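Beneath this line is the structure, given in structure tokens, with notes to follow.
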Amino acid sequence: MKLLLTSAGLTNKSIIKAFEELIDFPKDKVRIAFVPTAANVEEGDKGWLIDDLGRLKQQGYGCVDIVDISAVSKDIWHPRLEDANVIFVGGGNTFHLMHWFQESGLDDLMPKLLKTRVYAGISAGSCITGPTIYNSVQNLFGEKYNLQIKEGLGLVDFQFIPHLNSPYFDKIREEYLKEAAKDLKEPVYAADDNTAVKVVDGQITVISEGKHLIYNK
Numbered sequence: 001m002k003l004l005l006t007s008a009g010l011t012n013k014s015i016i017k018a019f020e021e022l023i024d025f026p027k028d029k030v031r032i033a034f035v036p037t038a039a040n041v042e043e044g045d046k047g048w049l050i051d052d053l054g055r056l057k058q059q060g061y062g063c064v065d066i067v068d069i070s071a072v073s074k075d076i077w078h079p080r081l082e083d084a085n086v087i088f089v090g091g092g093n094t095f096h097l098m099h100w101f102q103e104s105g106l107d108d109l110m111p112k113l114l115k116t117r118v119y120a121g122i123s124a125g126s127c128i129t130g131p132t133i134y135n136s137v138q139n140l141f142g143e144k145y146n147l148q149i150k151e152g153l154g155l156v157d158f159q160f161i162p163h164l165n166s167p168y169f170d171k172i173r174e175e176y177l178k179e180a181a182k183d184l185k186e187p188v189y190a191a192d193d194n195t196a197v198k199v200v201d202g203q204i205t206v207i208s209e210g211k212h213l214i215y216n217k
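FYI, this note's numbering numbers position 175 of the sequence shown as 175, with every residue one higher than the one before it.
Take a look at the structure:
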């Protein structure tokens with residue numbers, strides 16, 4: 001299984017290189033299915049979502065399809081994910097995203113899909129890959145949702161925390177993360193917007209032109 005977990009997508013040359021090493025396809029043959037579902041309940045300006053998609057477009061990949069799993073039925077989204085060689089899951093509300101992975105049935109399909117595809121995540125799209133999404137470190141974001149969902153996809157055995165030191169998330173700081181991580185047994189990888197975590201068959205590599213923190217390793 002190959003995954004690239006990012007805070008803000010393809011933000012620098014090191015992350016782009018790591019992404020393309022995972023894909024191992026010519027750029028014009030890369031087919032990306034971008035899942036924007038997490039953004040649906042976020043209020044206000046969506047410039048950040050446009051930027052995330054823009055960075056994919058700038059790289060010249062063959063196809064970037066937008067597949068909202070909450071907006072269309074399985075018989076529409078499933079073939080489009082199967083047609084892709086990358087499933088790129090965008091950011092937004094982590095609980096809303098996980099709710100729709102469960103509601104749509106995509107959570108059960110992911111292990112099979114990822115036998116032959118790369119998973120890439122941005123923010124919430126990275127957070128859901130861990131064992132849980134309702135825990136002491138994830139709760140530092142203060143996300144609100146009408147359903148309390150605890151479990152993540154369990155694709156990796158650590159917690160990924162994006163937006164380290166971001167001005168938009170004032171508790172994603174070393175002093176808060178250090179204390180919150182004490183309540184967890186699994187490792188915690190906190191990454192800023194210039195950092196990614198690459199996972200290949202369980203082997204973890206941090207790709208960074210910025211700052212990251214690791215706890216419980």
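Cβ coordinates follow ideal geometry from the N, Cα and C atoms, glycine included.
It should be emphasised that the depicted structure is a prediction, and the values quoted were computed from it without experimental measurement.
Residue i (DSSP reduced to helix, strand or coil)
i: THR37; result: helix
i: GLY142; result: coil
i: LEU113; result: helix
i: THR195; result: strand
i: PHE160; result: strand
i: TYR176; result: helix
i: LEU213; result: strand
i: GLY152; result: coil
i: SER7; result: coil
i: ILE207; result: strand
i: ILE128; result: coil
i: ILE133; result: coil
i: GLY47; result: helix
Buried versus exposed call for residue i [16 or more other C-beta atoms within 10 Å across all chains shown]
i: THR205; result: exposed
i: ASP75; result: exposed
i: ILE32; result: buried
i: PRO162; result: buried
i: SER126; result: buried
i: SER73; result: exposed
Assumed close pair residue i, residue j - CB separation to whole angstroms, cut-off 8 Å
i: LEU22; j: VAL89; result: With a Cβ gap of about 15 Å, LEU22 and VAL89 do not count as contacting.
i: LEU97; j: THR37; result: 6 Å
i: LYS198; j: ALA8; result: Between ALA8 and LYS198 the Cβ distance is about 15 Å, and since that is not below 8 Å, they are no contact.
i: PRO187; j: ILE207; result: The pair is not a contact, with the Cβ atoms about 16 Å apart (cut-off 8 Å).
i: ILE66; j: PHE34; result: 5 Å
i: ASP192; j: GLY210; result: 4 Å
- Task: Please list the segments of the alpha helix (DSSP H) lying wholly inside the region 65 to 101, counting only runs of 4 or more residues, in order along the chain.
- Result: 74 to 83
- Query: Is the region 145 to 155 touching the region 170 to 180 in the sense that three or more CB pairs, one from each, lie closer than 8 Å?
  - Reply: no
- Message: Would you call the region 101 to 110 in contact with the region 156 to 172, where contact means no fewer than 3 C-beta pairs closer than 8 Å?
- Response: no
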